[in-house]
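Trainee: Can you read through this structure? Questions will come right after.
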Amino acid sequence: MRGVANDWLEGRLGHLRIKGVASVPLRSGLLQLGFQHISETFVLQDQDLPIFPDFNITKLNVHEFQLPGERRAVAADISLHIQNVYAIEATVPALTFEIMVPNCAPGDDYIRIGNATSDTIEIEPKRPVLASVTGFIYEVPDALITICPGKTSSPLDLLVQSYIKGRETFVYVRGGSLTSPTLPDWLEAILQSVIVPVSIPSKGLSNLIERFSMSHVHFFLPEPSAKPDAPEAQPRVSALVQALVDLPQEMNVPVNVSRVRTVADVYYHSKKLGYIDLQKWQNATVRHIKDELDNSPALLVEFDIEKAPLRIVDEAVFADVIKKVILAGETVSLQVKANVAAELDTALGKFVIRDIPASGDITVKAPLTGGLGNVNPKIDSIKISHTTESTISLQAVVNFTNPTNYSADTPFIDMKLAYNGSSVAHIMGQNLSIFPGHNSFVKVQGLWNPADGNGQQGVISGRDLISRYISGLNTTVTISPHSGSIPFLPELGKALSTLRIEIPVPKLRLPDQNGDGDDDGDNPDGGDGPHFIKDATMHLWTSTPEFTFLSPLTETTLFITSVDATALYNSTSPVGRIQYNSPFPVPPGVSITPRLPVELDFGGAGYEALKKALGGSLEIDAVADIGVKLGEYMDTISYWGKGIGAKVRL
Numbered sequence: 001m002r003g004v005a006n007d008w009l010e011g012r013l014g015h016l017r018i019k020g021v022a023s024v025p026l027r028s029g030l031l032q033l034g035f036q037h038i039s040e041t042f043v044l045q046d047q048d049l050p051i052f053p054d055f056n057i058t059k060l061n062v063h064e065f066q067l068p069g070e071r072r073a074v075a076a077d078i079s080l081h082i083q084n085v086y087a088i089e090a091t092v093p094a095l096t097f098e099i100m101v102p103n104c105a106p107g108d109d110y111i112r113i114g115n116a117t118s119d120t121i122e123i124e125p126k127r128p129v130l131a132s133v134t135g136f137i138y139e140v141p142d143a144l145i146t147i148c149p150g151k152t153s154s155p156l157d158l159l160v161q162s163y164i165k166g167r168e169t170f171v172y173v174r175g176g177s178l179t180s181p182t183l184p185d186w187l188e189a190i191l192q193s194v195i196v197p198v199s200i201p202s203k204g205l206s207n208l209i210e211r212f213s214m215s216h217v218h219f220f221l222p223e224p225s226a227k228p229d230a231p232e233a234q235p236r237v238s239a240l241v242q243a244l245v246d247l248p249q250e251m252n253v254p255v256n257v258s259r260v261r262t263v264a265d266v267y268y269h270s271k272k273l274g275y276i277d278l279q280k281w282q283n284a285t286v287r288h289i290k291d292e293l294d295n296s297p298a299l300l301v302e303f304d305i306e307k308a309p310l311r312i313v314d315e316a317v318f319a320d321v322i323k324k325v326i327l328a329g330e331t332v333s334l335q336v337k338a339n340v341a342a343e344l345d346t347a348l349g350k351f352v353i354r355d356i357p358a359s360g361d362i363t364v365k366a367p368l369t370g371g372l373g374n375v376n377p378k379i380d381s382i383k384i385s386h387t388t389e390s391t392i393s394l395q396a397v398v399n400f401t402n403p404t405n406y407s408a409d410t411p412f413i414d415m416k417l418a419y420n421g422s423s424v425a426h427i428m429g430q431n432l433s434i435f436p437g438h439n440s441f442v443k444v445q446g447l448w449n450p451a452d453g454n455g456q457q458g459v460i461s462g463r464d465l466i467s468r469y470i471s472g473l474n475t476t477v478t479i480s481p482h483s484g485s486i487p488f489l490p491e492l493g494k495a496l497s498t499l500r501i502e503i504p505v506p507k508l509r510l511p512d513q514n515g516d517g518d519d520d521g522d523n524p525d526g527g528d529g530p531h532f533i534k535d536a537t538m539h540l541w542t543s544t545p546e547f548t549f550l551s552p553l554t555e556t557t558l559f560i561t562s563v564d565a566t567a568l569y570n571s572t573s574p575v576g577r578i579q580y581n582s583p584f585p586v587p588p589g590v591s592i593t594p595r596l597p598v599e600l601d602f603g604g605a606g607y608e609a610l611k612k613a614l615g616g617s618l619e620i621d622a623v624a625d626i627g628v629k630l631g632e633y634m635d636t637i638s639y640w641g642k643g644i645g646a647k648v649r650l
């Protein structure tokens, strides 16, 4: 009988031969005629065999159950709707069953996880049957959470994965040892030997993690001294991660996620950008909340990641993201896909569930205030460290604004600075910590080497850049990465080399000119550009002017080797010309030049204006070619001055 029942439940019963045998006593009146032996054989097959009734789980509520003392268990209240197509009427007493789940392989014994008790069930002919069952799980068996041989998952992992992915997932029910005392022994024996598969309804939880976000993001660029395969040789990221986990509505069990780990693949427009390596366990905290969208139960899982390696696998895709955010000022959505391992702390104890599929989006926000045009760089001080005939090495202290939401630690970075399409310098940073908002007193290094980038054209571009800058003209330069920008990641630097960041040339902090303790508003014409000539004094009797210079260099003396300058009144009328070839120093801070001989233009309107200004001052313009020498470096630059205040004295 047990074998027939099992074959029928498991669909192996192709046909059933039933033979009935009876011995019937015969009599006629008072006469006993003996016994008549009767036998009949029936063959049932295919459609003649009774089918296992269809049933639906109409209610499922999983909750925590308090046991005597401090022990807790998990209970499941289940309501079943069973189709009854037979003309059968019966009362089924309360029964106790064992609940089991699949093991590692189909041939392995099922794993018992708990038991269930049914209420008394009334069966009426050809009427649906309603049944209520309560199941209890008291502990998690070791066999359920032990890694399967040759695999990376446990039976519990496989069960959860199947349920989440919406596959047909079964638990198995078998009659237990504590059945109703009213049952006959033969029926109890059958119930204990028959295993019934019960399908758990699942619509799939492909959106198990509804929302995924990262805040307080801090990037760490590779360490130059790291070994090539070390984590420090990769970009790393720290952040606060928040994940909203959409729980099934039937799940009312307090669950705490104490730790998580994963390897999260990051995609942009379906192209894999890289992955975040979180194979080390990360401590997590959990809050039970109601999803604000549909008021369904949810878990808000938060955990900090500390310097997790961010491995770039497609530098071109990464460069596309940077361009969108930095240059186009667009907010970019990245897709994250991962199989997560989570350590759960429940009423049944602590255990790990592996390979939970998770996906979500990370929003990379654009700069807060219109892109990198609002970096507003300012140079606080400059120190010359070394010079050659064609290069200047310097150290600078700069202030600037980081308009993004992100911070970064940069052990080393090297960027090219270009003007008019020619690379004229390198800007390098070591051990930099950049934060959102205003960053003050950041130390950087520079290498002025215009000939290296584009030969003679680079020299011309560099000369024009310096000339415009010292003349106070608004000037824009381009900063871009290159293959040597980031240690160990030449391909990433090469991919980012198409990134062109245009910024205005940083303002220089000049020596205080008006005693207010800073250089704000000290420009005589109120312009934005730096003015290295504060003023001039013209001595008519000797035809010699002297100039007050403002040098931004803090420790190094600059030498002017030659001056060929023309002074203009009202931008058009010549006042005079200086041609001077004797070097003189311009020390740090405020200094006054020697008196330079000028050849006055006595026949023009400029000279008349100069005489009328005797004892007062006159605003003049100047056009000059100036030879400069800084250590071993020498060059000739141009200067276009406007509105220089010249005092006129005898």
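Residues 1 to 650 (the UniProt record's numbering) are what the sequence shown spells out, left to right. Heads up, the beta-carbon is just placed ideally off N, CA and C, and yes, glycines get one too.
In this structure, does DSSP put K126 in helix, strand or coil?
Mentor: Three-state result, K126: coil.
Trainee: According to DSSP, simplified to helix, strand and coil, what is N56?
Mentor: strand
Trainee: Quick check on DSSP: helix, strand or coil for F532?
Mentor: coil
Trainee: Express the C-alpha separation of R500 and I486 in angstroms, rounding to a whole number.
Mentor: 16 Å
Trainee: Relative to the alpha-carbon of A172, which residue among I626, G69 and I200 has its alpha-carbon at the smallest distance?
Mentor: Correcting the residue identity first, residue 172 is Tyr in this sequence and not Ala. Nearest in C-alpha terms to Y172, of all of I626, G69 and I200, is I200.
Trainee: Can you check the UniProt domain "Tag1 C-terminal" (251-365) for any alpha helix (DSSP H) of at least 4 residues that lies completely inside it and give the ranges in chain order?
Mentor: List check, alpha helix (DSSP H) in window: 315-322.
Trainee: Could you give the first and the last residue of the continuous alpha helix (DSSP H) run that contains P155?
Mentor: P155 to I164
Trainee: Cα separation between K337 and A105?
Mentor: 28 Å
Trainee: Determine the closest residue to Q282 out of Y268, L26, F303 and D320, with distance taken between C-alpha atoms.
Mentor: When each option's Cα is compared against that of Q282, the closest is F303.
Trainee: Smallest Cα separation from K416: which of T566, L558 and G446?
Mentor: G446
Trainee: Which runs of the beta strand (DSSP E), 3 residues or longer, sit entirely within the stretch 367-404?
Mentor: Counting only runs of 3 or more, we get 378-387 and 392-402.
Trainee: Between the stretch 635-644 and the stretch 587-600, can you find at least three pairs of beta-carbon atoms closer than 8 Å?
Mentor: no
Trainee: Quick one: what's got a C-beta closer than 6 Å to R27's C-beta in the same chain, skipping five residues either side?
Mentor: L33
Trainee: Based on Cα-Cα distance, which residue from I326, H81, I305 and E168 lies nearest to E502?
Mentor: Of the listed residues, the one whose Cα sits closest to E502 is I326.
Trainee: Have a look at I121 and A347 and give me their C-alpha separation to the nearest angstrom.
Mentor: The straight-line gap from Cα to Cα measures roughly 31 Å.
Trainee: Please say whether V253 and A284 have beta carbons closer to each other than 8 Å?
Mentor: no
Trainee: For S407, which beta-bridge partners are listed by DSSP?
Mentor: The partner list for S407 (beta bridge, DSSP) reads H218.
Trainee: Quick check: the Cα distance between S543 and I578, rounded to an integer number of angstroms?
Mentor: Between the C-alpha atoms of S543 and I578 there is a straight-line separation of about 10 Å.
Trainee: For residue 651, which of V133, H482, D625 and I289 has the nearest alpha-carbon?
Mentor: Limits of the chain in this structure are 1 at one end and 650 at the other, which puts residue 651 out of reach.
Trainee: Measuring CB to CB, does V477 end up less than 8 Å from Y569?
Mentor: no
Trainee: To which residues does DSSP link G641 through a beta bridge?
Mentor: A622
Trainee: Over the uninterrupted alpha helix (DSSP H) stretch that includes L610, give me the two end residues.
Mentor: A605 to K612
Trainee: Give me the Cβ distance between G458 and S483, rounded to the nearest whole Å; I'm assuming they're in contact under 8 Å.
Mentor: In fact, because the Cβ distance is near 19 Å, the residues do not count as touching under 8 Å.
Trainee: Closer than 6 Å by C-beta to V505: which residues in its own chain qualify, once you throw out the five before and the five after it? Chain order, please.
Mentor: For V505, where only same-chain residues beyond five positions count, the Cβ hits under 6 Å are Y469, T475 and V477.
Trainee: Roughly how many whole angstroms lie between the Cα atoms of E343 and R174?
Mentor: 30 Å
Trainee: Just tell me which of A646, D601, P309 and A609 has its CA closest to the CA of E619.
Mentor: A646
Trainee: In the DSSP assignment, the alpha helix (DSSP H) including V140 goes from what residue to what residue?
Mentor: No alpha helix (DSSP H) contains V140, which DSSP labels as neither H nor E.
Trainee: Out of curiosity, what's the CA-to-CA distance linking V424 and T636?
Mentor: 16 Å
Trainee: For V575, count the other beta carbons within 10 Å of its own beta carbon; 16 or more makes it buried, fewer makes it exposed. Which is it?
Mentor: With 16 or more other Cβ atoms within 10 Å, it is buried.
Trainee: If you draw a straight line from the alpha carbon of D345 to that of F351, how long is it in whole angstroms?
Mentor: 7 Å
Trainee: Do you know whose CA, among M428, I164 and A189, lies nearest A358's CA?
Mentor: I164
Trainee: Is Q192 helix, strand or coil by DSSP?
Mentor: helix
Trainee: Quick one: grab the DSSP three-state call for P197.
Mentor: Of the three classes helix, strand and coil, the one that applies to P197 here is strand, per DSSP.
Trainee: Just tell me which of L610, H426, A316 and A75 has its CA closest to the CA of L273.
Mentor: A316
Trainee: In its own chain, which residues sit with a C-beta less than 6 Å from the C-beta of P297, not counting the 5 before and 5 after it?
Mentor: L247
Trainee: Go ahead and pull the three-state DSSP assignment for V171.
Mentor: DSSP places V171 in strand when its eight states are reduced to three.
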